[in-house]
Amino acid sequence: MENAHEVAAADIIPFDNFVCRVCKKQGHKHVNCPDYHCRICNIWAPRHYTCWCPMLKGKRILRRGVSDENFYENLATLEKVFDADREANEDEALWQLADLNIDPVYLDDARLND
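In the numbering used here, the protein residues as written are 300 to 413.
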């Protein structure tokens, strides 16, 4: 039986020369990794980044895209904030978000989901 990484690699356009940023295995991209999940919709191997989840209905959390040299670092910080226990760490999480170039309208909308 195939493992999840083989299924992820076979289920999409071949990316033989890519090394995944999440699992560090060759053959698929970050968004297709079975070890990656969207923090908005909670789908594993979602084929989208958390900051561009379709459930956001076009709202962009991070203002810069993958071509920005700090995109993946900012994405990791954003996802760490989503992963944090919001009640216990809300103030600390908001300070971590302050350094990201986040749309303030989204930040206000995101607080409605608590």
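Ideal placement from N, C-alpha and C gives every residue a C-beta, glycine not left out.
Sequence-distant Cβ neighbours of H336 in its own chain, meaning closer than 6 Å and more than five residues away, are W343. R362 and K379 have their C-alpha atoms roughly 18 Å apart.
With contacts defined as CB atoms closer than 8 Å, R320 and D382 fail to qualify as a contacting pair.
In this structure, P333 is the residue among P333, N316, D315 with its C-alpha nearest to the C-alpha of C322.
Counting only residues of its own chain and dropping the five nearest sequence neighbours on each side, C350 has a CB closer than 8 Å to the CB of R359, I360, L361, L374, L377.
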